[in-house]
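Respectively, the protein sequence lines represent chains A and B.
Using this note's numbering, the first residue of the first sequence is number 1, and each one after it goes up by one.
Using this note's numbering, the first residue of the second sequence is number 1, and each one after it goes up by one.
By construction, the Cβ of each residue, glycine as well, lies at the ideal position given by its N, Cα and C atoms.
Every value quoted in this text rests on a predicted model; they were computed, and no experiment measured them.
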Amino acid sequence: MEITHEDYAVQYDAETATIVCQGSFRLRGNEDYAPILQVLTQAADAKPKTLTLDVRALRFLNSSGINTLSKFILQVRQLSASQMVIKGSRAFPWQSKSLKNFQRLLPALQLEIE
Amino acid sequence: MVQIFGDFLKRKEQSCEYLKISFSPTSVPIQQRWRNNGLSADFLADYLSTFFPGEDPTSTERKAEIKGAVSYIANELLENAMKFSYAPSQHAISIDVYLDEDAISLYVTNSVNPDSLGDFQQFIQRLATEDTDELFLAQLTRNAEAESDAGSGLGYLTMINDYGATLAWQFVPLDPDDAVMIVTTMARMPV
Numbered sequence: 001m002e003i004t005h006e007d008y009a010v011q012y013d014a015e016t017a018t019i020v021c022q023g024s025f026r027l028r029g030n031e032d033y034a035p036i037l038q039v040l041t042q043a044a045d046a047k048p049k050t051l052t053l054d055v056r057a058l059r060f061l062n063s064s065g066i067n068t069l070s071k072f073i074l075q076v077r078q079l080s081a082s083q084m085v086i087k088g089s090r091a092f093p094w095q096s097k098s099l100k101n102f103q104r105l106l107p108a109l110q111l112e113i114e
Numbered sequence: 001m002v003q004i005f006g007d008f009l010k011r012k013e014q015s016c017e018y019l020k021i022s023f024s025p026t027s028v029p030i031q032q033r034w035r036n037n038g039l040s041a042d043f044l045a046d047y048l049s050t051f052f053p054g055e056d057p058t059s060t061e062r063k064a065e066i067k068g069a070v071s072y073i074a075n076e077l078l079e080n081a082m083k084f085s086y087a088p089s090q091h092a093i094s095i096d097v098y099l100d101e102d103a104i105s106l107y108v109t110n111s112v113n114p115d116s117l118g119d120f121q122q123f124i125q126r127l128a129t130e131d132t133d134e135l136f137l138a139q140l141t142r143n144a145e146a147e148s149d150a151g152s153g154l155g156y157l158t159m160i161n162d163y164g165a166t167l168a169w170q171f172v173p174l175d176p177d178d179a180v181m182i183v184t185t186m187a188r189m190p191v
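Here it is, written out as structure tokens:
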């Protein structure tokens with residue numbers, strides 16, 4: 001499943017249970033983020049053993065985006081079925097600052113920032 | 001009556017590096033102008049980064065940090081202004097940027113819908129009196145449960161918690177007899 005936009009792309013590979021987010025997420029609110037949340041929800045609902053969110057190529061995330069990703073993390077926590085991994089990059093300073101907030105929502109979350 | 005929340009620094013003189021961008025009210029719907037937030041924020045970040053030269057690893061890293069911070073904070077402030085400004089007032093939205101020796105200050109000015117003023121000021125009060133880390137978690141949980149799209153409330157909290165910004169607000173009535181207020185939001189980040 002894939003979403004392609006001028007400013008961003010989201011790809012979900014069910015085989016590897018990985019969602020890749022690239023570009024910039026600057027959408028306006030819940031309604032605009034709904035299609036992205038749908039992809040994330042679909043990935044979580046599949047209840048894989050390990051579920052990976054790869055944001056290494058996501059250079060910008062606004063607060064509405066943090067909100068959307070948090071909803072996804074809370075859903076994974078509720079389903080209690082998958083080990084959650086987030087792959088990030090030091091190339092984008094926001095990631096070292098803000099990704100750890102998701103660990104507060106889900107302490108078992110594995111954060112890999114390269 | 002002017003209302004101040006937080007440590008609002010009034011800037012009368014432009015005795016440092018200074019830049020201002022104003023967005024005039026037009027008939028173009030906000031959705032089509034939304035793109036401007038990111039363009040403006042990235043431009044400001046890029047522009048300010050020229051005042052932090054140096055090719056060594058430490059300087060390069062510092063420049064990237066500052067760019068990222070300005071880009072994020074300016075984007076959030078502009079998004080708030082675009083979302084919550086009161087269109088009937090026909091008041092422009094503006095962003096002023098000041099570069100001091102030890103800090104970058106961003107001031108965004110916009111009109112406020114009289115119907116949302118109470119909730120807005122109440123939230124500002126909570127930022128001053130409550131633990132912002134706990135408030136962030138509480139807001140995330142609340143947003144996950146609610147379906148409303150009144151604004152996630154996370155913009156200010158991430159600026160404070162993740163970027164070490166100091167926030168303050170000034171409210172001035174548009175006209176003496178008017179219920180419409182003009183708010184200037186200040187975000188000051190150390191550099």
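Where residue i falls, given that 16 or more other Cβ within 10 Å makes a residue buried
| i | result |
| --- | --- |
| Cys16(B) | exposed |
| Thr158(B) | buried |
| Arg26(A) | buried |
| Leu105(A) | buried |
| Val28(B) | exposed |
| Val112(B) | buried |
| Ala34(A) | exposed |
| Gly54(B) | exposed |
For residue j and residue i, the rounded distance between their alpha carbons
| i | j | result |
| --- | --- | --- |
| Val108(B) | Thr50(A) | 43 Å |
| Leu99(A) | Ala91(A) | 13 Å |
| Ala74(B) | Gln42(A) | 33 Å |
| Asp7(A) | Arg35(B) | 10 Å |
| Phe20(A) | Ala9(A) | The question names Phe, but residue 20(A) is Val in the sequence shown. Answer to the nearest angstrom: the Cα atoms are 8 Å apart. |
| Arg11(B) | Glu145(B) | 41 Å |
| Asp32(A) | Pro173(B) | 33 Å |
| Leu127(B) | Glu15(A) | 44 Å |
| Leu106(B) | Arg188(B) | 6 Å |
| Asp96(B) | Ile182(B) | 15 Å |
| Ser59(B) | Lys87(A) | 26 Å |
| Val180(B) | Gln78(A) | 43 Å |
| Asp54(A) | Tyr18(B) | 38 Å |
| Glu2(A) | Ala44(A) | 15 Å |
| Ser24(B) | Gly155(B) | 24 Å |
| Asp100(B) | Lys97(A) | 24 Å |
| Ala138(B) | Gln122(B) | 16 Å |
| Phe102(A) | Pro176(B) | 46 Å |
| Asp115(B) | Ala41(B) | 28 Å |
| Phe136(B) | Asp178(B) | 34 Å |
| Leu74(A) | Ser24(A) | 22 Å |
| Gln95(A) | Thr52(A) | 16 Å |
| Leu39(B) | His5(A) | 17 Å |
| Gly118(B) | Pro57(B) | 47 Å |
| Thr120(B) | Thr184(B) | At residue 120(B) the sequence reads Phe, which differs from the Thr that was named. Distance between the alpha carbons of Phe120(B) and Thr184(B) is about 13 Å. |
| Asn110(B) | Pro107(A) | 39 Å |
Contact under 8 Å by Cβ, residue i with residue j
| i | j | result |
| --- | --- | --- |
| Met186(B) | Leu78(B) | no |
| Ile104(B) | Leu48(B) | yes |
| Met82(B) | Arg33(B) | yes |
| Arg62(B) | Phe52(B) | yes |
| Glu112(A) | Val85(A) | yes |
| Ser94(B) | Ile160(B) | no |
| Phe72(A) | Leu109(A) | no |
Given residue i as reference, the closest of the options once Cα atoms are compared
| i | options | result |
| --- | --- | --- |
| Gly65(A) | Glu76(B), Phe5(B) and Lys63(B) | Glu76(B) |
| Leu167(B) | Gly6(B), Met1(B) and Asp42(B) | Gly6(B) |
| Asp102(B) | Arg11(B), Pro190(B), Ile4(B) and Leu174(B) | Pro190(B) |
| Tyr163(B) | Lys71(A), Ser63(A) and Leu69(A) | Ser63(A) |
| Ile4(B) | Tyr156(B), Gln170(B) and Asp56(B) | Gln170(B) |
| Gly153(B) | Glu114(A), Leu40(A), Thr18(A) and Thr68(A) | Thr68(A) |
| Thr18(A) | Pro107(A), Ala46(A), Ser89(A) and Trp94(A) | Ala46(A) |
| Glu114(A) | Pro93(A), Asn101(A) and Pro107(A) | Pro93(A) |
| Gln22(A) | Leu74(A), Gln11(A), Leu40(A) and Ser82(A) | Gln11(A) |
| Asp13(A) | Ser89(A), Leu40(A) and Pro107(A) | Leu40(A) |
| Ala81(A) | Gly29(A), His5(A), Arg28(A) and Pro48(A) | Pro48(A) |
Residue-level contact to chain C via CB, residue i, 8 Å cutoff
| i | result |
| --- | --- |
| Glu134(B) | Looking at the structure shown, chain C is missing, and the protein chains on hand are A and B. |
Is the stretch 83-95 of chain B touching the stretch 64-71 of chain B in the sense that three or more CB pairs, one from each, lie closer than 8 Å?
Cβ pair count under 8 Å is below three, so no.
Report yes or no: do the stretch 126-135 of chain B and the stretch 53-63 of chain A share at least 3 C-beta pairs separated by less than 8 Å?
The stretch 126-135 of chain B is not in contact with the stretch 53-63 of chain A.
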